[in-house]
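Number of protein chains: 2
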Amino acid sequence: MTTAANDALVLDAAAQDLLFREARTANTFTDEPVSDEQIQAVYDLVKYGPTAFNQQPLRIVLVRSAEGRERLVKHMADGNKPKTASAPLVAILAADNEFHEELPSQLPHFPQAKDMFFSERPVRESSAQLNGALQAAYFIIGVRAAGFAAGPMTGYDADGLNKEFFGDGDHSVLAVVNIGKPAEDAWFPRSPRLAYDEVVTTV
Amino acid sequence: MTTAANDALVLDAAAQDLLFREARTANTFTDEPVSDEQIQAVYDLVKYGPTAFNQQPLRIVLVRSAEGRERLVKHMADGNKPKTASAPLVAILAADNEFHEELPSQLPHFPQAKDMFFSERPVRESSAQLNGALQAAYFIIGVRAAGFAAGPMTGYDADGLNKEFFGDGDHSVLAVVNIGKPAEDAWFPRSPRLAYDEVVTTV
C-alpha cells in the first residue's frame with residue numbers, strides 16, 4: 001500500500017487500494033487472458049458514470065486478432081510498441097463526434113437537446129472530447145475493478161489510428177489501453193503527486 | 204440497485220453500487236456539510252489516477268463563501284443556478300494549461316518530457332483538456348467514494364468563469380460539480396445507456 005487507506009471515505013480500504021492506491025499503469029503483463037465477459041462486466045458497470053446530457057460518445061475497439069494487433073502497433077510511438085504488441089488485450093478508446101444522433105433515445109425527458117445544443121460539429125467535437133475522456137477514465141477504473149492493470153497511452157499517430165480503425169471521419173481516438181495482469185517488474189517506482197494545497201484553493 | 208452487481212468483477216458489490224450503480228447526479232441536496240477533511244481524503248485517493256506523463260493539470264476551487272457562491276452562480280446557465288446556489292459545497296474543476304512547469308518534479312525519471320513534448324501551447328492545451336478530464340472523472344468517483352452525490356455540470360459561461368476565478372489566461376474550466384447528500388427526489392428517473400454491442404467492437 002503506497003499510503004494508508006483513508007477512513008474519512010465510505011469506500012472500503014480494499015476497494016481504495018484496488019482502484020487507486022495499489023493500481024498502477026503496467027508496462028509488462030502475464031499471459032493470463034482477458035475475456036469478453038470480463039470486458040462486458042466492466043462496461044455494464046462504468047456505463048453509469050455521469051456525462052453532460054447523458055451523452056455517450058465513447059466507443060471501444062477490442063484488438064484481439066493478430067492482424068488487428070499489427071494494424072494497431074504500427075501507429076504507436078516506438079516506446080509504446082513492445083507493450084502494445086504483448087498485452088493480453090488492447091482497447092482503443094475513441095469519441096464518436098456524431099453522438100448527438102443517439103441523444104433523443106438516451107435523454108428521453110429532453111430530446112430537443114440534440115438540436116438545441118449539438119447542431120454544430122465543432123461544439124459536438126469539443127463535447128465528445130470532454131465527455132468521452134470522462135468515460136475513458138470510468139473505463140480505466142472499471143478495468144481495475146475487474147482485477148486487471150490498465151496501461152493507458154496517448155503516444156501514437158492519432159490521425160493514422162482514426163483512419164485505420166474508423167475511417168468515417170467521425171471518430172477521434174482518446175487513448176489506447178493495454179489490459180492484463182501485471183508481470184513482475186511491471187512498473188517504474190510510483191512518481192510523485194501534487195500536494196492538496198498545490199491543487200485545491202478555497203474562495 | 205438498478206441492475207444486479209456483477210460477480211465477474213473483483214470490486215465488491217457494495218463498492219460497485221456506491222461508485223456506479225446507485226450513484227446518481229443529484230439535483231437537490233440536504234444541508235449536511237461537506238468538510239475540507241473529506242475533500243482532502245477524496246483528493247489523496249484520486250490523485251493516483253493515471254494520466255499521460257504523470258501530468259496533473261487539474262485544479263480545484265472549492266466555493267465556500269457567500270461571495271464566492273454569488274460570483275459563481277451568475278455565470279451558470281439558468282437551469283443550473285438554483286442547485287448551484289443551494290448545494291452544500293461546489294467545486295470548480297479547471298485545467299492548468301501551464302502544467303508542464305511541474306513535469307520535471309512530477310516525472311523525475313524523464314524530466315526532458317517537458318521540453319520534448321510540451322513546448323507549444325496548443326499541444327499543452329489539448330493535453331490539459333484530455334488529462335484534466337480524466338482527473339475530473341477520478342474526482343467525481345472520489346466524491347462518491349466519500350459517500351456524497353456529485354452533480355457535474357457543463358452549462359455555464361466558460362469564458363466568464365475562467366476570468367472570474369483564474370484571470371491569468373492559463374486555466375480552462377472543465378466542469379462545475381455540486382457536492383452533498385442527496386435530498387428526497389434528488390434526481391430524474393435513470394436515463395438509458397447504450398448497450399455493450401452499440402459501443403464495443405472487436406477486430
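Protein sequence lines correspond, in order, to chains A and B.
For the first sequence, counting from 1, position 124 maps to 124 in the working numbering; every step adds exactly one.
For the second sequence, counting from 1, position 132 maps to 335 in the working numbering; every step adds exactly one.
For every residue, glycine included, the Cβ atom is placed at its ideal position computed from N, Cα and C.
Distance check between G160 (chain A) and each of A:L62, A:S172, A:E98, A:S105 places A:S172 closest, using alpha-carbon atoms only. Taking the CA atoms as reference points, D360 (chain B) sits about 10 Å from E367 (chain B). Distance from N6 (chain A) to P57 (chain A) at the Cβ level is roughly 33 Å; contact not present, criterion being Cβ atoms closer than 8 Å. Note on the stretch 311–344 of chain B: whole alpha helix (DSSP H) runs with a minimum of 4 residues are 316–320, in chain order.
For P152 (chain A), the enclosing beta strand (DSSP E) covers residues 149–153. Taking every protein chain shown into account, the CB of Q55 (chain A) has 16 or more other CB atoms within 10 angstroms, so this residue is buried.
For the stretch 352–383 of chain B, the set of residues with a beta-carbon nearer than 9 Å to any beta-carbon of chain A comprises A353, G354, P355, M356, T357, G358, F368, L377, A378, in chain order.
By the CB criterion at 7 Å, Y341 (chain B) and Y43 (chain A) fall outside the cutoff.
Taking the beta carbon of Q106 (chain A) as reference, the chain B residues within 8 Å of it are S394, P395, R396, L397, listed in sequence order. Per the C-alpha coordinates, the member of A:T84, A:F117, A:I141 positioned closest to A15 (chain A) is A:I141. Identification of chain A residues near N257 (chain B) by a Cβ-Cβ cut-off of 7 Å yields S191, ordered along the chain. In summary, the residues of the stretch 292–324 of chain B whose CB is separated from some CB of chain A by less than 8 Å are E305, S308, Q309, L310, P311, H312, in the order they occur in the chain. No Cβ of chain B is located within less than 7 Å of the beta carbon of K74 (chain A).
Rounded to the nearest angstrom, the gap between the Cα atoms of A336 (chain B) and V403 (chain B) is 22 Å. Put simply, the CB of T202 (chain A) is near chain B, with a gap under 7 Å to one of its CB atoms. With fewer than 16 neighbouring CB atoms inside 10 Å of its own CB, M319 (chain B) falls in the exposed class.
Looking at A:R59, A:A8, A:S86, A:Y48, the one whose alpha-carbon comes closest to that of A186 (chain A) is A:S86.
For N230 (chain B), not one C-beta of chain A is nearer than 7 Å to its own C-beta. Within the same chain, V63 come within 6 Å of R69 (chain A) by CB-CB distance, once the 5 residues on both sides are set aside.
Within the stretch 231–247 of chain B, contact with chain A at the beta-carbon level (separation under 8 Å) is assigned to D239, E240, Q241, I242, Q243, A244, V245, Y246, D247. Under the three-state reduction of DSSP output, S172 (chain A) falls in the strand class.
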